[in-house]
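Going by the working numbering, the letters in the sequence shown line up with residues 11 to 315, in that order.
Glycine included, every Cβ here is placed at the ideal spot set by N, Cα and C.
It should be emphasised that the depicted structure is a prediction, and the values quoted were computed from it without experimental measurement.
This report refers to the structure that appears directly beneath it.
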Amino acid sequence: MNNLKVKEDRVHSSSEKPFSYYKCIIPDFFGYVPMHWHEEFEINYILEGSAEFICGEEKFISQKGDIIITQPDTPHSIYPVNGSRQVYDTVVFSSEMLSFSESDRCYQQCIEPVIKGTAVIPSHITAKHCYYKEIRLIIENIFSCAKGDAPHLDMLMRSELLRLIWLLQSEAEHNEIPARETDAIRSAILYIQKNFREVITIKQLAEYVHLSPSYFMAQFRASVGFSALEYISHYRINYICKEIADTKKSISEIAYDSGFRNLSNFNRQFFRIIGSTPTEYRKKQQMQMGFNEYHRPAEIIIDKK
Numbered sequence: 011m012n013n014l015k016v017k018e019d020r021v022h023s024s025s026e027k028p029f030s031y032y033k034c035i036i037p038d039f040f041g042y043v044p045m046h047w048h049e050e051f052e053i054n055y056i057l058e059g060s061a062e063f064i065c066g067e068e069k070f071i072s073q074k075g076d077i078i079i080t081q082p083d084t085p086h087s088i089y090p091v092n093g094s095r096q097v098y099d100t101v102v103f104s105s106e107m108l109s110f111s112e113s114d115r116c117y118q119q120c121i122e123p124v125i126k127g128t129a130v131i132p133s134h135i136t137a138k139h140c141y142y143k144e145i146r147l148i149i150e151n152i153f154s155c156a157k158g159d160a161p162h163l164d165m166l167m168r169s170e171l172l173r174l175i176w177l178l179q180s181e182a183e184h185n186e187i188p189a190r191e192t193d194a195i196r197s198a199i200l201y202i203q204k205n206f207r208e209v210i211t212i213k214q215l216a217e218y219v220h221l222s223p224s225y226f227m228a229q230f231r232a233s234v235g236f237s238a239l240e241y242i243s244h245y246r247i248n249y250i251c252k253e254i255a256d257t258k259k260s261i262s263e264i265a266y267d268s269g270f271r272n273l274s275n276f277n278r279q280f281f282r283i284i285g286s287t288p289t290e291y292r293k294k295q296q297m298q299m300g301f302n303e304y305h306r307p308a309e310i311i312i313d314k315k
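Shown next as C-alpha cells:
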C-alpha cells in the first residue's frame, strides 16, 4: 500500500478489462488479508471453510455458500478462525462495469449512491436471505464470466452485476449511512501503513487524528475489530510474510526492517498470528513455488424463467 500505496497497491482493473478474478485459499496461499481498501467493488464467494470478515463496521464469520460484497473505499479484512481452511473466489471490479451516462436518472438515483457509499447494500448474504437462490445464481454467472475472460462474457457479466444491484436494492429503500468517526480511523490506518517500520504509540496516533487516546482506542476497535497495536502487529507480519516468500533476506533482517526491535517478541507474534515459526513458513512457501492453478472452462447458467 502507498498513497497510491496507502490503498491496496495491486491494480485490479484497467480501461480495457475493468475487473480481476482471484482464486483464494487461506492459509495455503496467504495467512490472512489485512485491513485495506480500494476504489473497486469486491465480491467474495465462499466455497469451503470459514473465516472472520470485517467489512466496514460489520464483523462476522463466513460459511460455505456465503456471498460477501464490499463497496468501494470500504475497509475490509479476512482472518482465519480456529485453524479453518477457507477456499473462496474473488472478483474485484471497477464502477465502470456499472457505467451509464451521468445524466441518466438510473445512474443518479440507483448506481451513483452505491458507488459513493451513501446507499447501503448488504455486505453479508447467507442462505437465510430472502433472495439467496437467485443471488447465488447471479454470482455463479458472474464468476463463470470472470473465469472465462472473454469480451463477449464481459457483456454478460455487466448485465449480471446490474441485475445483482437491482435485486439487492429491491429488498429495501436506500439507507443513508450515519456520520461516524471513519475518516479519523482511516487516517490512522494510513499513518500506520506509511510508518510501520518505526515505533508507533497510541499517543502518536491519537494526536495525529486529533482524538483523545481513550476515545481513539475505542473508535479504532469498533471500526477495525481489534486494537490499534494489534493492527500494527498484523500489518507488520503481513509485510514480513511477503518478504519471507519473495526474498532471500535473513528472517532477522526482515523482522528488524519491519519495525520489530526484539527478535523473541517477533517470533512470538509471528507464531500467534500465522500459526507457525518464520522458518517453517518459509519452507512451506518454497514447497508451493511452481504451483500452477487449474481453471475449468466457464459454464454459464442462464435463468430463462
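- Residue pairing by DSSP places serine 30 opposite Val102 in a beta bridge.
- Threonine 80 and valine 130 have their C-alpha atoms spaced approximately 10 Å apart.
- Non-local beta-carbon contacts of glycine 269 in its own chain, meaning distances under 7 Å to residues more than five positions away in sequence, involve Phe206, Arg207, Glu208, Arg246 in chain order.
- The region 160-174 makes no contact with the region 207-225, as fewer than three CB pairs between them are under 8 Å.
- Per the coordinates, the alpha-carbon of proline 123 lies some 44 Å from the alpha-carbon of lysine 294.
- Here lysine 259 has Glu253 as same chain residues with Cβ atoms under 7 Å from its own Cβ, once five neighbours each way along the sequence are excluded.
- The residues Pro44, in chain order, have a CB closer than 6 Å to that of asparagine 248 in the same chain once the five nearest residues on each side in sequence are set aside.
- DSSP places glutamate 50 outside both helix and strand once states are collapsed to three, so it counts as coil.
- Taking the Cβ atoms as the reference, isoleucine 56 lies roughly 7 Å from glutamine 73, within the contact range of under 8 Å.
- In the three-state reduction of the DSSP assignment, alanine 129 falls in the coil class.
- Within the same chain, Cβ atoms closer than 8 Å to the Cβ of phenylalanine 70 are found at Glu62, Phe63, His134, the five residues on either side in sequence being excluded.
- Distance check between isoleucine 148 and each of Gln203, Val91, Asn275, Arg173 places Arg173 closest, using alpha-carbon atoms only.
- Apart from the 5 residues on each side of it in sequence, valine 97 sits with its Cβ closer than 7 Å to the Cβ of Ile35, Leu57, Glu58, Gly59 in its chain, given in chain order.
- Each residue's CA atom was taken as its position, placing histidine 86 and histidine 162 some 31 Å apart.
- If the five residues before and after isoleucine 242 are omitted, its C-beta is found closer than 7 Å to the C-beta atoms of Ile202, Phe206, Ile210, all from its own chain and listed in chain order.
- Looking at the DSSP output, lysine 69 sits in a beta bridge with Ile64.
- Isoleucine 250 sits close to alanine 265, with the two beta carbons spaced by under 8 Å.
- In the displayed model, glutamine 96 falls within a strand according to three-state DSSP.
- Residue pairing by DSSP places isoleucine 77 opposite Tyr55, Ile135 in a beta bridge.
- Its Cα nearest to that of tyrosine 42, the residue Ser94 stands out among Phe51, Ser94, Ser180.
- Per DSSP, proline 123 has no beta-bridge partner at all.
- Within 10 angstroms of the beta-carbon of leucine 108 lie 16 or more other beta-carbons, which makes it buried.
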